[in-house]
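Going line by line, the protein sequences match chains P and C. Numbering-wise, the first sequence is residues 1 to 359 according to the working numbering. Numbering-wise, the second sequence is residues 1 to 359 according to the working numbering. We treat Cβ as the ideally placed atom computed from N, Cα and C, and that holds for glycine.
Number of protein chains: 2
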Amino acid sequence: MTSCKRKGFFIATNAGEEKLSTIGGKRGRVTIHLVAAVAGVSISTASKALNGSGRMSPETRERVKRVAQEVGFRPNALARGLITKRSFTIGLLTNDTYGRFTLPVMAGISEELVGHGVSVFLCAIEDDSDRARVHVDAMLDKSVDGIIASGKRLDRQLPVDLSGLHVPVVYAFTKGTPDGVTLRSDDEQGARLAVRCLIDAGCRRIVNVTGPKTFQSVRERADAYRATIDGPPEVLHGVWSEAWGHEAVAQLWDRGGDRPDGIFCGNDQIARGVIDALRERGVRVPEDVAVVGFDNWDIMAAQTRPPLTTVDMNLRTLGREAGRLVLAMSEGREVQPGIRKLPCSLVIRQSCRGLEAPA
Amino acid sequence: MTSCKRKGFFIATNAGEEKLSTIGGKRGRVTIHLVAAVAGVSISTASKALNGSGRMSPETRERVKRVAQEVGFRPNALARGLITKRSFTIGLLTNDTYGRFTLPVMAGISEELVGHGVSVFLCAIEDDSDRARVHVDAMLDKSVDGIIASGKRLDRQLPVDLSGLHVPVVYAFTKGTPDGVTLRSDDEQGARLAVRCLIDAGCRRIVNVTGPKTFQSVRERADAYRATIDGPPEVLHGVWSEAWGHEAVAQLWDRGGDRPDGIFCGNDQIARGVIDALRERGVRVPEDVAVVGFDNWDIMAAQTRPPLTTVDMNLRTLGREAGRLVLAMSEGREVQPGIRKLPCSLVIRQSCRGLEAPA
DNA sequence: CTGAAAGCGCTTACAG
DNA sequence: CTGAAAGCGCTTACAG
């Protein structure tokens with residue numbers, strides 16, 4: 001039988017049926033008064049029984065619990081929050097409208113928290129600081145237990161100051177304050193994974209076709225690339241688009257001299273452009289040139305021909321961790337401030353196979 | 001000067017400074033008690049002044065308001081909600097994990113509601129009915145004023161029954177209950193827009209390369225296509241992928257007989273595959289074959305070569321409308337149940353230019 | 001025109 | 001082992 005929430009007011013229980021008509025009279029939610037009346041105890045006892053606090057006979061506690069279950073009692077979170085100062089609610093502020101980065105983070109947060117009865121307010125703020133302010137105020141009015149600030153760049157802050165707020169704040173995939181708790185991906189480690197895969201696949205001449213130099217993640221990934229390869233590095237900066245991937249291939253192939261046999265791309269969009277351009281030139285991937293991307297953005301990575309080997313920043317895990325931390329902080333547990341780098345992983349598809357199984 | 005929220009407790013105001021140390025003593029939030037004390041009125045008067053209710057001298061009202069502003073008073077939404085039975089909170093239930101459809105809906109909802117002080121709980125439930133139940137219970141515990149159910153298909157319900165819930169429910173881009181309020185896109189009208197664009201561009205033989213027949217939206221769009229073209233229709237069903245777009249072109253071109261000069265695609269992914277395949281065959285778009293997609297999914301539509309003319313379902317507008325309706329219902333205003341179809345629009349890029357400007 | 005009192009639905013010392 | 005009372009921060013009849 002599925003759980004019997006909310007059966008209406010005339011429950012076949014051992015006592016107190018006549019009281020039901022009185023107390024259940026004011027239609028609407030079932031309150032603790034009803035539970036207490038039906039169980040034949042005071043509301044303080046009922047409260048303690050349900051919360052596992054106070055001392056009472058096991059029989060009483062059990063009876064109250066059973067009655068609560070039967071009448072479908074669910075405590076009013078507003079009333080409870082007013083007293084306990086915990087609303088079981090956190091706010092998620094994000095400026096990633098397209099959601100490519102925030103969405104998995106969001107899923108992770110919610111996944112982590114829902115089991116603890118914590119709900120998540122979604123506040124999409126683009127880059128509008130007025131709107132951000134409105135959202136933050138609304139969250140504070142509602143007594144959120146904490147705030148997670150999330151974004152799409154590690155080197156940009158959201159357009160609102162969240163320090164000194166009286167509620168814990170966790171920064172997830174966005175720039176935080178120096179004394180705040182910040183979660184980010186370890187892009188250097190991710191880039192090393194990518195470049196090693198190319199090296200293992202036998203590439204001797206690897207170039208990095210990537211995004212604008214102004215992005216910290218671009219610089220970090222490029223640095224890791226330089227430190228990992230043998231021989232002279234070559235980094236081509238452009239924009240985050242397929243078109244730039246095309247153009248980079250044109251540049252590399254149309255000039256004289258050495259051509260690469262491995263390309264480490266700044267993200268999956270660029271990688272897609274690169275792979276399309278190579279195919280159009282009759283260059284085989286991965287036989288002639290191996291390609292690795294960054295982001296593991298399914299819709300891109302799975303649809304390239306051949307499917308793309310790429311770095312996954314594990315943003316869902318990052319979200320879970322953010323949820324875990326904000327919960328801990330809201331419960332008063334001590335959390336070390338600082339930046340925590342979470343490891344990336346490599347998803348191997350066909351554009352670079354790394355070490356083939358040895359014979 | 002930017003707004004001066006929260007100045008601390010020693011405000012240069014005309015009266016009551018000595019009271020501040022008493023009342024402001026219990027550090028933390030500024031409550032209405034502080035406002036009342038500083039303004040020299042009772043808390044009931046303070047409340048009425050701030051809410052614009054009750055009768056009092058304009059001077060008193062103004063003074064209270066000014067003081068509230070100065071001390072940075074913001075009413076505790078929990079306490080207020082407990083009494084008024086309005087939490088200024090709504091829940092958004094969605095099973096669209098990838099977010100392509102839900103994200104714009106979400107943005108629209110939030111955009112519409114934030115100005116009314118209403119925050120949105122995000123509940124991502126995949127297709128797990130247990131988890132859906134947990135989320136719904138959590139929302140009810142928190143006394144949401146309403147629920148918006150959103151999805152990625154018009155012909156599938158979310159895996160949870162939302163009828164008989166005691167809070168208003170609006171279904172947005174998902175199948176609702178017969179007596180509920182449902183918002184959806186007008187796919188037939190959208191498809192007519194697409195097909196007319198092809199006709200206007202001079203196409204004589206238009207085919208519909210689309211998704212699985214099991215999708216209602218596929219059938220509706222195909223029906224509109226059949227009703228709009230002259231001559232015999234041809235509908236090719238496949239899956240929602242670029243690969244299917246490729247394959248469909250292969251089928252159409254490798255068989256003998258008539259080849260189309262216009263292709264109406266079931267979505268933008270298929271359209272992208274179609275355009276790539278045509279280019280690889282040396283067929284020019286739009287000169288030889290014009291192509292129109294469906295969804296206006298930026299990342300696809302803007303990156304195809306040439307950029308894709310496609311139908312936009314205006315999901316953000318749909319979201320705003322959903323927000324508007326759930327708000328109205330939560331305020332007790334009457335809303336007609338039934339299905340509301342919101343118009344699509346055509347975004348003209350280069351793959352089909354419709355009527356060129358007359359000479 | 002203004003304030004004292006009751007109460008929203010709970011929890012938590014404090015008595016007994 | 002159990003309950004009466006106070007109170008969280010507000011709003012809303014009801015008196016004056």
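Nearest to SER163 (chain C) by alpha-carbon distance, out of C:THR94, C:PRO178 and C:TYR225, is C:PRO178. Here VAL239 (chain P) is exposed. Its C-beta has fewer than 16 other C-beta atoms within 10 Å. Its Cα nearest to that of VAL181 (chain P), the residue P:GLY323 stands out among P:THR310, P:GLY323, P:ALA227 and P:ALA107. Beta bridge pairing from DSSP links ILE339 (chain C) with C:THR182. Proximity to ASP230 (chain P) across P:GLY202, P:VAL209, P:GLY245 and P:LEU34 peaks at P:GLY202, based on C-alpha coordinates. Partner residues in the beta bridge of PHE121 (chain P), as assigned by DSSP, are P:GLY91 and C:PHE121.
In this structure, DSSP gives TYR171 (chain P) an extended state, which the three-state scheme calls strand. With 16 or more other Cβ atoms from the protein chains shown falling within 10 Å of its own Cβ, ASP312 (chain P) counts as buried.
PRO286 (chain C) places its beta carbon less than 8 Å from that of ARG353 (chain C).
VAL326 (chain P) sits close to VAL170 (chain P), with the two beta carbons spaced by under 8 Å. According to DSSP, THR310 (chain P) shares a beta bridge with P:GLY293 and P:VAL347.
Taking 7 Å as the upper bound on Cβ-Cβ separation, chain C lies near residues GLN303 of the stretch 302-317 of chain P. The bridge partners DSSP lists for ILE206 (chain P) are P:GLY262.
C-alpha of TRP297 (chain P) to C-alpha of CYS123 (chain P): approximately 23 Å in a straight line.
In the DSSP assignment, LEU236 (chain P) falls within the unbroken beta strand (DSSP E) covering 235-237. Nearest in C-alpha terms to LYS175 (chain P), of all of P:ALA194, P:ALA271, P:GLN216 and P:GLU126, is P:GLN216. When DSSP reads this structure, SER150 (chain C) sits in a beta bridge with C:THR94 and C:ALA172. Taking C-beta separations shorter than 8 Å and ignoring five residues to either side along the sequence, the partners of SER330 (chain P) in its chain run ARG86, ILE90, ASP145, GLY146, VAL167 and PRO168, following chain order.
In the three-state scheme derived from DSSP, where H, G and I count as helix and E and B as strand, HIS246 (chain C) is classed as helix. C-alpha of ARG305 (chain P) to C-alpha of GLY273 (chain P): approximately 11 Å in a straight line. Taking 8 Å as the CB threshold, GLU321 (chain P) stays off the interface with chain C. Residue burial is scored here from C-beta neighbours: ALA227 (chain C) has fewer than 16 other C-beta atoms within 10 angstroms and is therefore classed as exposed. For LYS152 (chain P), the nearest beta carbon of chain C is not closer than 8 Å to its own beta carbon.
Just measuring C-alpha positions, the residue of C:ALA107, C:ASN51 and C:ARG55 sitting nearest THR84 (chain C) is C:ASN51.
Counting along the chain, ASN51 (chain P) sits inside the alpha helix (DSSP H) bounded by residues 43-51.
Those residues of the stretch 67-86 of chain P placed with their C-beta closer than 8 Å to a C-beta in chain C are ARG74, PRO75, ASN76, ALA77, LEU78, ALA79, GLY81 and LEU82, ordered along the chain.
In this chain, the alpha helix (DSSP H) harbouring HIS33 (chain P) covers 32-39. Within chain P, the C-beta atoms nearer than 7 Å to that of HIS135 (chain C) come from VAL114, in chain order.
ARG353 (chain C) carries a coil assignment under DSSP once its states are collapsed to helix, strand and coil. In the three-state DSSP reduction, ARG196 (chain C) falls in the helix class (H, G or I). Contact with chain C is absent for GLY108 (chain P), since none of that chain's Cβ atoms lies less than 8 Å from the residue's Cβ.
Of all residues in the stretch 152-181 of chain P, none comes within less than 7 Å of chain C when Cβ atoms are compared. Contacts with chain P at 8 Å (Cβ-Cβ) do not include LEU278 (chain C). Look at the stretch 253-272 of chain C: it has no residue with a C-beta under 7 Å from a C-beta of chain P.
Counting along the chain, HIS166 (chain C) sits inside no alpha helix (DSSP H), nor does DSSP assign it H or E at all.
The Cβ neighbour count for GLN269 (chain P), taken over all protein chains shown within 10 Å, is at least 16; the residue is labelled buried.
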